[in-house]
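Undergrad: Quick note, the sequence shown lines up with residues 0 to 383 if you use numbering that gives the first Met the number 0.
Handing you this structure, nothing more for now.
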Amino acid sequence: MATVKTNTDVFEKAWEGFKGTDWKDRASISRFVQDNYTPYDGDESFLAGPTERSLHIKKVVEETKAHYEETRFPMDTRITSIADIPAGYIDKENELIFGIQNDELFKLNFMPKGGIRMAETALKEHGYEPDPAVHEIFTKYATTVNDGIFRAYTSNIRRARHAHTVTGLPDAYSRGRIIGVYARLALYGADYLMQEKVNDWNSIAEIDEESIRLREEVNLQYQALGEVVRLGDLYGLDVRKPAMNVKEAIQWVNIAFMAVCRVINGAATSLGRVPIVLDIFAERDLARGTFTESEIQEFVDDFVMKLRTVKFARTKAYDELYSGDPTFITTSMAGMGADGRHRVTKMDYRFLNTLDNIGNAPEPNLTVFGQVNCLTLSVIIVCL
């Protein structure tokens, strides 16, 4: 793991106007938010409507999806990866925020590392044939996630599973909810985060089984961040550095999230608490005159359309449990902080406004936290 050189001037420019110092010394989105967010007590009158460009992108997405639902979705037979798959677009000349799961809209990714049987079943059920060479690799030479899970089952768990005492999601679908802190890429850039991994790796001094395993895992995290950089490069985006404005912040978050969606087929792939971080960038840009409210809303609309394109190669067993092919891309907003201030921001309104601008959709899930007494009246009305 090589030390990553960082340009301090880049950080001074990217963080100009942001308050606090603790979050600068060690990556911490929570400390950054606490020092910089602005609670919003106004109403929704500031919101902007959709642009013709946004409605065009929406039309392309909806028509493409409808076409594949009548025929079949294209599916990659190559083993998926973060950056070895080329860049893909909805309509390159008309997009503002770049990055989708594959090199073609709604092309499904082949993910055998989670479990070869499930991945091959998905291929067959979508009308494609598995590659015998790939089958041999993942049954003879490579251990999948599902292999590891089954090897760890106790005899009692195996008996309970066989007797169908334990019901729910099929075993092959990961465990729990995946929630990455995707805003870290926007605030710090990959170089900063990779250097933190170098520091973590160097700080593990013990030579025992647990420490050796931890060093390996930290090294893998470092490599994964390098793949995220390569994904950004495919789109002509330098995510090594932190985002300079709200458009780049949204763009960096999308690259980080799509990197995960390219390689992990979990039952739920949550976006996490992103709006409050983006709001801090937006408030700074509005004060500077960098972007207008209409432009910021358009960036959010474009980002949400990207999230709506996320689709995984599910099996029929999954569809029997969950109708509508959900991906559970959940983002959260509002609520209350530890200091007693509510956390309603203008960006919460902008995300909720996408339901009007580009229409209702099950994804992303927009989760508004809080009881009535810790939400502003206007945000309650908007939610209703």
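Yeah, the Cβ is synthetic: ideal placement off N, Cα and C, and Gly gets one too.
1. Relative to the alpha-carbon of R307, which residue among T353, T291 and Y181 has its alpha-carbon at the smallest distance?
2. My output table needs one value for S27: the three-state DSSP class, helix, strand or coil.
3. Quick check on the burial criterion: 16 or more other C-beta atoms within 10 angstroms. Buried or exposed for I357?
4. Count the other CB atoms, across all protein chains shown, that sit within 10 Å of the CB of E92; report buried if there are 16 or more and exposed otherwise.
5. Compare the Cα-Cα distances from F105 to each of D83, A118, T70 and A82 and report the closest residue.
6. I need the boundaries of the alpha helix (DSSP H) containing N253, first residue and last residue.
7. Restricting to Cα atoms, I'd like to know which of P363, W251, H55 and A189 is closest to I328.
8. State the beta-bridge partners of N101 as determined by DSSP.
9. If you draw a straight line from the alpha carbon of A360 to that of E94, how long is it in whole angstroms?
10. Would you please verify whether the beta carbon of E292 is less than 8 Å from any beta carbon of chain B?
11. Give me the residue from L46, I115 and G98 with the minimum Cα distance to T76.
12. I need the straight-line Cα distance from G271 to T366, nearest angstrom please.
13. DSSP three-state call for H55: helix, strand or coil?
14. Give me the Cα-Cα distance between E410 and A162, rounded to the nearest whole angstrom.
15. With a threshold of 7 Å on Cβ separation, who are the neighbours of Q220 within its own chain once the five nearest residues in sequence on each side are excluded?
16. Applying the 10 Å Cβ sphere with the 16-neighbour rule, what's the burial state of T291?
17. Starting from M346, trace the alpha helix (DSSP H) in both directions and tell me its first and last residue.
18. Using three-state DSSP, classify T7 as helix, strand or coil.
19. Mapping the DSSP letters down to three states, classify G231 as helix, strand or coil.
20. Roughly how many angstroms lie between the CA atoms of A286 and N244, to the nearest whole one?
21. What is the DSSP secondary structure of H163, reduced to helix, strand or coil?
22. Under 8 Å between the Cβ atoms of D34 and G19?
23. Given F302, which residues of its chain have a CB within under 7 Å of its CB, disregarding the five upstream and five downstream residues?
24. Run through DSSP, which three-state label would R77 get?
25. Buried or exposed: where does K123 fall if 16 or more other Cβ atoms within 10 Å of its Cβ makes it buried?
26. From which residue to which residue does the alpha helix (DSSP H) around L184 run?
27. Could you name the residues of the same chain whose beta carbon sits closer than 7 Å to that of K64, not counting the 5 residues immediately before and after it, in chain order?
28. For F109, which of helix, strand or coil comes out of DSSP?
29. What are the start and end residues of each continuous beta strand (DSSP E) run of 3 or more residues lying completely inside the stretch 319 to 347, in chain order?
30. Alpha carbons only, please: which of I275, S322, V299 and D190 is nearest the one belonging to R239?
31. Quick check on G48: buried or exposed, where buried means 16 or more other Cβ atoms within 10 Å of its Cβ?
32. Are the stretch 342 to 353 and the stretch 274 to 288 touching, with three or more C-beta to C-beta distances below 8 Å?
33. Please report the straight-line C-alpha distance between T326 and A204, rounded to a whole angstrom.
34. Cβ of G369 within 7 Å of any heavy atom in the ligand GDP?
35. Please work out which residues of its chain come closer than 7 Å, Cβ to Cβ, to R340, disregarding the five sequence neighbours upstream and downstream, and give them in chain order.
36. Can you tell me where the beta strand (DSSP E) holding T366 begins and where it ends?
TA: Reading off the structure:
1. In the sequence shown, counting from the first residue as 1, residue 307 sits at position 308. When each option's Cα is compared against that of R307, the closest is T353.
2. The residue you call residue 27 lines up with position 28 of the sequence shown. When secondary structure is reduced to three states using DSSP, S27 falls in the coil class, being assigned neither helix nor strand.
3. Start at 1 with the first residue of the sequence shown, and residue 357 comes out as number 358. Per the 10 Å Cβ criterion, buried.
4. Position 93 of the sequence shown, counting from 1, holds the residue named residue 92. Residue environment for E92: exposed (fewer than 16 other C-beta atoms within 10 angstroms of its C-beta).
5. As a first step, residue 105 is located in the sequence shown; it is residue number 106 there, counting from the start. Comparing Cα positions, the closest option is T70.
6. Counted from its first residue, the sequence shown places residue 253 at position 254. N253 -> alpha helix (DSSP H) spans V245 to V262.
7. Sequence index remark: in the sequence shown, residue 328 carries index 329 (1-based). Of the listed residues, the one whose Cα sits closest to I328 is P363.
8. As a first step, residue 101 must be located in the sequence shown, where it is residue number 102. In the DSSP output, where bridge partners are listed per residue, N101 has none listed.
9. Position 361 of the sequence shown holds residue 360. Position 95 of the sequence shown holds residue 94. The alpha-carbon atoms of A360 and E94 are separated by roughly 20 Å.
10. Among the protein chains of the structure shown there is no chain B, as only one such chain exists.
11. As a position in the sequence shown, residue 76 is number 77, starting the count at 1. Ranking the options by Cα distance to T76, first place goes to I115.
12. Here residue 271 refers to the residue found at position 272 of the sequence shown. Here residue 366 refers to the residue found at position 367 of the sequence shown. Rounded to whole angstroms, G271 to T366 spans 10 Å at the Cα level.
13. As a working mapping, residue 55 is identified with position 56 in the sequence shown. Helix.
14. With the chain represented from 0 up to 383, any question about residue 410 goes unanswered, as that position is not in the structure.
15. For this step, residue 220 is matched to residue 221 along the sequence shown. Excluding sequence neighbours, Q220 sits near K196.
16. Counting from one through the sequence shown, the residue named residue 291 turns up at place 292. It counts as exposed.
17. As a position in the sequence shown, residue 346 is number 347, starting the count at 1. Counting along the chain, the alpha helix (DSSP H) containing M346 begins and ends at K345 to N356.
18. By 1-based counting over the sequence shown, the position of residue 7 is 8. The answer is helix: DSSP assigns T7 an H, G or I state.
19. Within the sequence shown, residue 231 is the residue found at index 232, counting from 1. Helix.
20. For the purposes of this step, residue 286 is identified with residue 287 of the sequence shown, where counting begins at 1. For the purposes of this step, residue 244 is identified with residue 245 of the sequence shown, where counting begins at 1. Near 12 Å, if we compare the C-alpha coordinates of N244 and A286.
21. Reading the sequence shown from its first residue, position 164 is the one you call residue 163. Reduced to three states, the DSSP call for H163 is coil.
22. Counting from 1 along the sequence shown, the entry for residue 34 is found at position 35. Counting from 1 along the sequence shown, the entry for residue 19 is found at position 20. Contact flag set, yes.
23. Locating residue 302 in the sequence shown gives position 303, where the first residue counts as 1. Excluding residues within five positions, the ones whose Cβ falls inside 7 Å are I96, I249 and N253.
24. Here residue 77 is taken as the residue at index 78 of the sequence shown, counted from 1. It is a strand residue.
25. To locate residue 123, count along the sequence shown from 1; it is residue 124. Counting Cβ neighbours within 10 Å, K123 comes out exposed, since fewer than 16 surround it.
26. Taking the sequence shown and counting its residues from 1, one reaches residue 184 at position 185. Taken as a continuous stretch (DSSP letters only), the alpha helix (DSSP H) holding L184 covers A182 to S202.
27. Walking along the sequence shown from the start, residue 64 turns up at place 65. Same-chain partners within the cutoff: F105.
28. Within the sequence shown, residue 109 is the residue found at index 110, counting from 1. In the structure shown, F109 sits in a strand (DSSP, three-state: E or B).
29. 329 to 333
30. Working through the sequence shown from its first residue, we reach residue 239 at position 240. Nearest of I275, S322, V299 and D190 to R239, Cα basis: D190.
31. For this step, residue 48 is matched to residue 49 along the sequence shown. By the neighbour-count rule (16 or more Cβ atoms within 10 Å), G48 is not buried but exposed.
32. Touching, per the Cβ criterion.
33. As a first step, residue 326 must be located in the sequence shown, where it is residue number 327. As a first step, residue 204 must be located in the sequence shown, where it is residue number 205. Their backbone Cα atoms lie some 40 Å apart in a straight line.
34. Among the ligands in the structure shown, none appear at all, so the ligand GDP cannot be discussed.
35. Stepping through the sequence shown from its first residue, residue 340 is reached at position 341. Contacts found: P38.
36. As a first step, residue 366 is located in the sequence shown; it is residue number 367 there, counting from the start. Element bounds for T366: N364 to F368.
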